[in-house]
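Number of protein chains: 2
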Amino acid sequence: MTRYFVTGGAGFIASNLVDRLLQSGHAVTAYDNLSTGQPRFLELAQKQPKFRLIEADVLDEAKLADSIKGHDFVFHFAANADVRFGTNHPRRDLEQNTIATYNVLEAMRAHGISQIAFSSTGSIYGEAQVIPTPEDAPFPVQTSLYGASKLAGEGLIAAYCTGYNFRGYIFRFVSILGERYSHGHVFDFYRSLQNDPTKIRLLGNGKQRKSYLYVQDCVDAILTVIEKGQEPVNIYNLGTDEYCAVNESLTWISEKLGVTPERSYTGGERGWIGDSPFIFLETKKVRSLGWKPKLTIRQGVEKTVDYLRNNEWLFEKR
Amino acid sequence: MTRYFVTGGAGFIASNLVDRLLQSGHAVTAYDNLSTGQPRFLELAQKQPKFRLIEADVLDEAKLADSIKGHDFVFHFAANADVRFGTNHPRRDLEQNTIATYNVLEAMRAHGISQIAFSSTGSIYGEAQVIPTPEDAPFPVQTSLYGASKLAGEGLIAAYCTGYNFRGYIFRFVSILGERYSHGHVFDFYRSLQNDPTKIRLLGNGKQRKSYLYVQDCVDAILTVIEKGQEPVNIYNLGTDEYCAVNESLTWISEKLGVTPERSYTGGERGWIGDSPFIFLETKKVRSLGWKPKLTIRQGVEKTVDYLRNNEWLFEKR
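Keeping their order, the protein sequence lines are chains A and B.
This note's numbering applies: residue 13 is where the first sequence begins, and numbers increase by one.
This note's numbering applies: residue 13 is where the second sequence begins, and numbers increase by one.
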């Protein structure tokens with residue numbers, strides 16, 4: 013049995029991970045300030061005796077250090093995950109992503125914990141020159157505050173691996189879909205079509221191509237990497253070997269909902285400032301460990317629509 | 013006339029830059045907390061009517077914002093420049109490099125200043141897979157807290173270029189030599205040989221290969237790039253097209269001083285944890301702008317010894 017500490021444990025991906033770790037018989041502490049995480053995502057976990065939720069902030073250094081003590085392995089998944097509105101509040105990415113990661117590393121060091129897994133992002137490739145983009149792509153130029161703050165987090169973790177003999181697992185995610193999804197284009201489209209199924213407005217020209225991964229496939233990949241990754245710093249892209257245009261995704265969502273909205277566009281190649289018109293990550297490295305995704309992007313989108321249909325309470329939160 | 017604001021303006025490289033900007037008729041404000049910067053480095057500048065020194069810290073956001081107002085262009089050169097002892101005080105790199113850079117960017121944004129030049133480092137390439145290492149080398153893994161903190165600074169600047177229409181000039185330096193040099197292996201060797209010319213102890217096996225650039229060549233390169241660089245984010249390696257082993261450099265220093273010390277070694281390929289045994293940057297990109305260095309590494313080392321010989325007051329400071 014391993015004692016896992018999961019920051020942001022009430023979040024979308026992390027809460028799914030928490031459930032899986034508990035199913036495997038491990039002890040799990042979720043540490044979450046519930047600013048975007050949902051207590052309802054931990055209803056299953058709360059029934060397990062080996063689970064504990066600590067409602068606190070990763071910026072509270074004393075509380076964090078006190079809480080992390082006695083664990084073996086840290087999943088640092090707490091983050092400001094909003095890439096689109098970063099320029100409205102640049103301090104948020106600095107504090108909640110960069111400084112928070114430093115705080116987690118320092119709390120670990122103070123208590124002799126040296127294994128950390130980190131939720132990074134494909135956004136750190138900026139507008140990638142090589143597509144599909146491998147982990148050792150040409151040194152990218154950042155295009156978003158979110159990407160920059162995650163890059164800073166990756167750098168800190170790698171430096172702790174060299175400087176203090178930590179072992180790090182860094183995951184560069186594409187967008188994730190599935191149960192407990194509560195942020196992103198499927199969410200926005202679903203809400204818009206519920207309000208008015210006759211028309212919908214898309215950001216950009218709708219031709220932006222993106223890649224997506226189903227959350228259970230994502231959790232499978234994470235668990236495979238932390239079991240098999242043997243480097244001091246293990247960096248893995250997580251995604252599928254396909255991509256789709258935003259327009260296609262909307263077609264799947266509309267078909268699933270039985271609606272045929274008229275589309276209009278805000279225009280331009282990008283959905284927002286710093287948006288990348290084509291995100292598609294090379295995933296040979298994680299596949300070489302024996303992992304592969306079970307769901308296609310379309311299946312992931314459809315699962316997500318099903319989930320939102322059964323969980324309309326999520327929309328009341330906004 | 014441009015009104016330049018130079019953070020860390022009393023430092024080694026920045027004070028040389030300040031003198032050159034003043035010589036060209038520009039107005040310059042140096043902003044330095046004098047923690048490692050030397051007022052004596054600004055003796056020439058202080059005689060110029062268009063020069064002003066503000067003694068303050070980049071972590072003092074209010075003072076920084078107030079001071080930066082009314083300038084056209086910022087050289088952000090204030091930093092904790094110590095790569096070797098980073099693991100003794102990890103917070104220092106986070107605060108003085110990453111958070112400080114954020115503070116400078118925010119102060120600029122608040123006052124409508126959008127051009128920034130940044131002193132980054134070849135250390136961000138970690139243990140480079142490609143040597144000589146070009147600017148678009150494979151995405152590196154960080155090996156030092158210093159490198160990680162500078163990478164974070166680069167990422168922030170690039171994100172501000174996309175998000176707020178800034179223009180950025182990022183310089184990845186090799187080690188710099190010459191007038192006002194006061195930190196690094198020539199300094200350490202000089203001091204050791206003054207104390208005892210008969211023997212000397214080298215970190216590692218002495219075979220570490222490094223690249224160096226003379227400070228006046230470095231300033232020439234910086235001024236060339238900010239004149240000619242037209243991208244939103246202009247990233248340039250600055251170095252010479254040669255490297256030398258630490259052992260060779262010691263030979264040049266010893267010959268210059270007329271001493272023949274017996275050498276001993278701490279052992280291992282690296283001088284310290286996270287040290288890279290071979291640093292050699294590709295400089296085709298900056299050369300394509302018409303710049304080239306005037307001094308060889310050996311000439312730079314000899315100039316540095318001359319400088320230290322005439323400025324032994326620097327050793328009293330330690």
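Where a beta carbon is used, it is the ideal one built from N, C-alpha and C, also for glycine.
Note that the structure is a prediction, hence the values are computed from the model and not measured.
Partners in chain A for residue i, counting only beta-carbon separations shorter than 8 Å
i	result
B:P150	D148, A149, P150, F151
B:S156	A171, T174, G175
B:L163	L163, A164, G167
B:A160	A164, G167, L168, A170, A171
Outcome for residue i when other beta-carbon atoms lying within 10 angstroms are tallied against a minimum of 16
i	result
A:M13	exposed
B:L315	Checking the sequence, you will find Lys at residue 315 of chain B rather than Leu. Buried, because 16 or more other Cβ atoms sit within 10 Å of the Cβ of B:K315.
B:S276	exposed
B:E324	exposed
B:E166	buried
A:Q242	exposed
B:T278	exposed
B:T295	buried
B:A119	buried
B:Q50	buried
A:G98	buried
A:S27	buried
B:R184	buried
B:S288	buried
B:N100	exposed
B:G190	buried
Interface residues of chain B facing residue i [CB-CB closer than 7 Å]
i	result
A:E254	In chain order: nothing, as chain B lies at least about 23 Å away.
A:G216	By Cβ distance, chain B contributes nothing, its closest Cβ being about 15 Å from A:G216, past 7 Å.
Beta carbon of residue i nearer than 8 Å to that of residue j
i	j	result
B:L235	B:R32	yes
B:E107	B:N249	no
A:Y193	A:F24	yes
B:H88	B:I136	no
A:I182	A:I111	no
B:L168	B:Y114	yes
A:A170	A:V245	yes
B:G312	B:Y226	yes
B:S187	B:K222	yes
A:G134	B:T174	no
A:A91	A:S131	yes
A:I210	A:E267	The sequence shown places Thr at residue 210 of chain A, rather than the Ile named in the question. Their beta carbons are not under 8 Å apart, which means A:T210 does not touch A:E267 by this criterion.
A:F85	A:Y16	yes
A:L214	A:L269	no
A:G138	A:G159	yes
B:Y202	B:I309	no
B:E281	B:G216	yes
A:V142	A:T19	no
B:T145	B:L46	no
A:L54	A:A22	yes
A:V198	A:V237	no
B:S161	B:N109	yes
Amino acids of chain A, ordered along the chain, whose beta-carbon sits closer than 7 Å to that of residue i
i	result
B:G270	Neighbours of B:G270 on chain A: none; closest Cβ ~39 Å, over 7 Å.
B:Y114	L106
B:V245	V153
B:G241	The contacting residues do not exist; B:G241 stays about 13 Å from chain A at best.
Residue i at chain D interface by Cβ criterion, 8 Å
i	result
B:L106	Checking the listed chains, one finds no chain D in this structure; the protein chains it contains are A and B.
Proximal residues of chain A, C-beta to C-beta of residue i below 9 Å
i	result
B:Y11	Residue 11 of chain B lies beyond the stretch modelled for chain B, which goes from 13 to 330, so this question has no answer here.
B:G134	Neighbours of B:G134 on chain A: none; closest Cβ ~12 Å, over 9 Å.
Residues that residue i contacts on chain B, provided the C-beta gap is smaller than 9 Å
i	result
A:G251	Those within 9 Å of A:G251 in chain B number zero; the least Cβ separation is about 16 Å.
What are the residues of the region 276–293 of chain B that lie near chain A, defined by any Cβ-Cβ distance shorter than 7 Å? I285, G286
Which residues, in chain order, does the region 116–128 of chain B contribute to contact with chain A at a C-beta distance below 9 Å? L117, E118, R121
Between the region 301–314 of chain B and the region 149–162 of chain B, can you find at least three pairs of beta-carbon atoms closer than 8 Å? no
Is it a yes or a no for the region 313–328 of chain A touching the region 48–64 of chain B, going by three-plus beta-carbon pairs under 8 Å? no
Using a Cβ-Cβ cut-off of less than 9 Å, give me the residues of the region 76–109 of chain B that come near chain A, in sequence order. G98, T99, P102, R103, D105, L106
Does the contact criterion of 3 or more C-beta pairs under 8 Å hold for the region 75–86 of chain B versus the region 41–59 of chain B? yes
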